[in-house]
Amino acid sequence: MMSSKRSHKLLLLHFAIFCLLLLQENCTEANVILCKESERKTLLEFKQSLQAVDSSGNDVLSSWKSKECCGWVGVSCNNLTGYVEKLDFRSKFKDVAGTISSSLLKLHHLRLLDLSYNDFNGSVIPEFFDFRLGGNGEGLFYRHNIGNMFTVGKLEWLSHLSFLRGLDLSFVSLSSADDWSQVINKLPFLEELSLSHCDLSSISPSFSFTNFSTSLTSLDLSGNSLTSSSIYPWLFNVSSNLVSLDLSMNQLKGPIPEAFGNMITMQELYLSHNQLEGEIFKSFGNMCSLAFLDMESNHLSTFGIVQNTSLSCTRYSLRELSLAHNQLKGNSVLNEITKLPSLSVLDLGYNLLNGTIKESIGQLPNLKVLRLAGNAFDNVVISEAHFSNLTKLRSLDLSYSYLTLKIISGWSPPFQLGFMLLCSCKIGPSFPIWLRTQTALVFLDISASEISDSLPDWFWNLVDSLVYLNMSFNQINGTLPHELRYKRHLDLSSNNFTGPLPMSLYSLWSLNLSKNKFTGSVSAICNIMEKWSLYLLDLSYNVFSREVPGCIAEFVRLKVLNLADNSLSGPVPSSLGSLASLEMLSLRGNKFSGELPSSLHNCKMLKFLDLSNNELSGEIPKWIGQRISLKERCPHQLCGLKYVQILDLSLNNISGSLPSCFNNFTSMAQKLSLDQRIEHYVDEALLTWKGTKQRYAKILGLLLAIDLSCNKLTGEIPEELTNLQQLIALNLSRNSLIGKIPQKIGQLRQLEVLDLSRNKFSSNIPTSLSELTFLSTLDLSYNYLSGKIPTGRQLQLFDPSSYSHNQGLCGPPVSPDCSMVEPPQVEHTREGEEDSINEFMKWFYTGTGLGFAVGFWGFCCVVFFKRSWRHSYYRFLDNTKDWLYVSFILMKTRLMKRIKALPTSCRR
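FYI, in mature numbering (1 follows the signal peptide of the UniProt record, and there is no 0) the residues of the sequence shown are -30 to -1, 1 to 878.
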């Protein structure tokens, strides 16, 4: 009997050894196929209804050809059985589209199906998904996201996957799936659930929590507008084993429930972007495993997480804490923070913190990220003592906190920062020498820090590794090195840098050198590597000269080009037409001459165009319209610039009538979304009001303006202009426009600035003008307007000068009433008088010129030909010179005698 058992064991041992040898042979021999032929055919059938490309645009599914399907992209098999267990269409694929074939039902061993971050064009989730996959979904993880993937109705099909362990339906609209909570309740083995941004419906108060998963460890319901009353009863009953909970971006209001303290296994808690208020409850102190707490963007005002010294549990577990964008006040919060020794990330940015900062903040040995930006530490001084023990600090953000840094000379920081943001902190006037020790910097912002010093020579060696450098709004002196090794963002604007541009520039995304004293040519930009990556180039307000190089065409992704207020000359380069992505173009205040190149018609994305104060002439190029001279007519095809937000053609010689298609300016006719505004990359604009240039900076993102002032425009204002209902500023002053002001001008409801002065407008002021409630600047002076000024909320509040030199106007504020006002003269009479005056002046200047010529040359001829007269004339000049010299010497002598005669006590 014993020998029989021993023989069985030996047999089993031999069989095991044989299996291992067979497995090794399968792994080493290339000709052994692991893939099951039946499943290979299933995958090929599944492939027929899909299209998939990688990041390079190549067809990924074209590789699904070989007999070994387990080696296909996105397919994973079990190493022993060869069955397909995973289909991952996320990690190796960039875009997948098409339809999901029911052939998936034949993959009985499928354990993971990931269709996330793809596009199925809103098609309905296939009905076969309510069948059983992989044995009731045992161990199955199902993921897909992005709202354009599927349209989802009910979720009943999920209830059949009773062994489902992971479910991710993020960014799929579940607004019609009012059964989602009941279905989830039927998945007792569910471990991970992500329904982020799914537009979930509220949970019924009568919902039963029986049979709900006791194994759920990760729950993400962020971005669903869930309310406190609907989510809290459901939440505190789902599971006592939650490790990660994300309820951010919902509509949670009121105080934080104490029931959170019962979630003792919680490690990550995200409650940001809600409306929670009051105190951060001490009940968090019982969460002994809590390591990450994010409560950013709420209404919290009191920090009480460590007020009770007996609750030391969380104090030692908490590693990352974000309370930015709340209403925390005073300096007690920072005092409590120092009682969290394990803290590595602290974000208290944009609160109401003020008062002194104790040096104990520098005694957090594990702190890696410190962010106190956007608080009210006005003139609060911090020193090197506040950083004494922060040896692990890698990111420091004190921007817009208005702190004063007083660091002793020779200080060597104990840390090596990668990110340093000190914008609007007082660091100067000397350049911080201790920066020399920070050789690992990637991101440096010391803008507006009151530095008025020369840039040290060692600085440019320090910035080799930088990706972002901002030293704008200081008074830093210096020159740029011959070779600037810089990679992404460089902003040195509003300083005192001089000299030429570097001859070698590395790849840049944005370059802002405006408001300095740089000289020479701008041709050095041709040496920028990876020109395709540059999207912003601002060299305005410098002393650059010569022509713009043709290499500008190589910056194909350029969105912002600002060369305003330099001394650039020559023609506007035709290579600008290659910049199809250009949204802002400013060539204002230079010496550009000649015609605008026809190639500019490719710049159809322009939102900001400023060509004022140049010497442009010639013909209008085709991109604006038909070939018309700038000195002859205003282009009627300007309206092709439908994205334009600021159109400034002032101070040129444009003539002709205004185009009648202004309503094509859709950016001015329709309300813009915030991401379409130009303030993301244009910091200011100069527009002409009342004959002078006004600077617009802070409100530039809201400014929609047309400035055609100081030209030679004629004709009437087209009625279509009144359709620009979002227009903020309109300046047509100092032209020769005639006719009536449009009656529908009151439709420009957003108008704040209107200047129609120094034209030839006649008739009454439209009554609709009084309906413009936002109007703050108005100038109708020097026209031929008549009648009573319309009564309303605004028009009587302006200064009388806004209506001056309109002889026929009456009523407040020009006069008390209209009873004593004489009827105005008709326009043609005044025009006739002007013609008479012009005729008289023409003959006057002609006579003056002839008289001067006769008198001057008559005298010269007499002196030249009459010898005695010529000698007498020269003798007269000599005598006059001698008399003047003697008179000067005598006057000087008398003056010196009087000065010497003054009392000694008066001398200094």
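Just so it is clear, CB atoms sit at the ideal spot from N, CA and C, and this is done for glycine as well.
Cβ neighbour criterion (16 or more within 10 Å) applied to residue i
i	result
Q696	buried
L860	exposed
R763	exposed
residue 880	It is not possible to answer for residue 880, since the shown part of the chain is limited to -30 through 878.
M866	exposed
C830	exposed
R864	exposed
A699	buried
V856	exposed
T799	For T799, the pLDDT reaches just 44, beneath the cut-off of 50, and the residue's location in the model is therefore unreliable, leaving the point undetermined.
T761	exposed
R558	buried
I403	exposed
R341	buried
P629	buried
A410	exposed
Beta-bridge pairing of residue i - partner residues as DSSP gives them
i	result
E247	H269
N482	D461 and D508
S733	L755
Y438	F413 and H459
Y240	D216 and D264
K487	T468
V315	E290 and V339
C39	Note: C39 sits in no beta bridge, so no partner.
G448	F467
C168	Paired residue(s): none; C168 is not in a bridge.
residue 884	Nothing can be reported for residue 884, as the shown portion of the chain is limited to -30 through 878.
Cα-Cα separation, residue i to residue j
i	j	result
F159	V30	34 Å
S756	L691	23 Å
G344	V412	22 Å
S210	H79	31 Å
L313	K577	47 Å
K862	L847	23 Å
S185	E161	5 Å
W127	E15	23 Å
G825	T818	11 Å
T374	S424	20 Å
Y754	F731	6 Å
F230	F206	8 Å
W34	S214	38 Å
Q18	P519	52 Å
I154	S129	7 Å
L82	D24	21 Å
S199	S287	30 Å
L528	M554	9 Å
F822	L533	47 Å
N349	G325	10 Å
L721	T743	8 Å
S545	H167	45 Å
P472	D461	15 Å
Boundaries (first-last residue) of the beta strand (DSSP E) holding residue i
i	result
residue 879	Residue 879 lies beyond the range of the chain shown here (-30 to 878); nothing can be said about it.
N305	First-last for N305: S302 to I307, but that is the alpha helix (DSSP H), not the beta strand (DSSP E).
residue 892	Residue numbering for the chain in the displayed model covers -30 to 878; residue 892 lies beyond these limits and cannot be assessed.
Q21	L20 to V23
S548	It is not in any beta strand (DSSP E) - S548 carries neither H nor E in the DSSP assignment.
S563	K561 to G564
V54	V54 to D58
Range of the contiguous alpha helix (DSSP H) that encloses residue i
i	result
E7	E7 to K17
Y202	S198 to V208
N431	F429 to L432
I522	From DSSP, I522 is part of no alpha helix (DSSP H); its letter is neither H nor E.
P283	It is worth fixing the name first, because residue 283 is Cys in this sequence and not Pro. That run of the alpha helix (DSSP H) goes C283 to S287.
I495	First-last for I495: undefined, no H or E at that position.
Residue i CB to nearest heavy atom of the ligand GDP below 6 Å
i	result
L304	The ligand GDP is not among the ligands present in this structure, which contains no ligands whatsoever.
Exercise. Would you check if the region 352 to 361 and the region 304 to 322 touch, i.e. whether three or more CB-CB distances between them fall below 8 Å?
Key: Contact check between the region 304 to 322 and the region 352 to 361: fewer than three CB pairs, one atom from each, fall below 8 Å, which does not count as touching.
Exercise. Would you check if there are 3 or more beta carbon pairs closer than 8 Å linking the region 770 to 782 to the region 718 to 726?
Key: With a cut-off of 8 Å, the region 718 to 726 and the region 770 to 782 do not count as touching, because too few Cβ pairs lie within range.
Quiz item: Can we say the region 490 to 504 touches the region 438 to 447, given the rule of at least three CB pairs closer than 8 Å?
Solution: Segments in contact, no.
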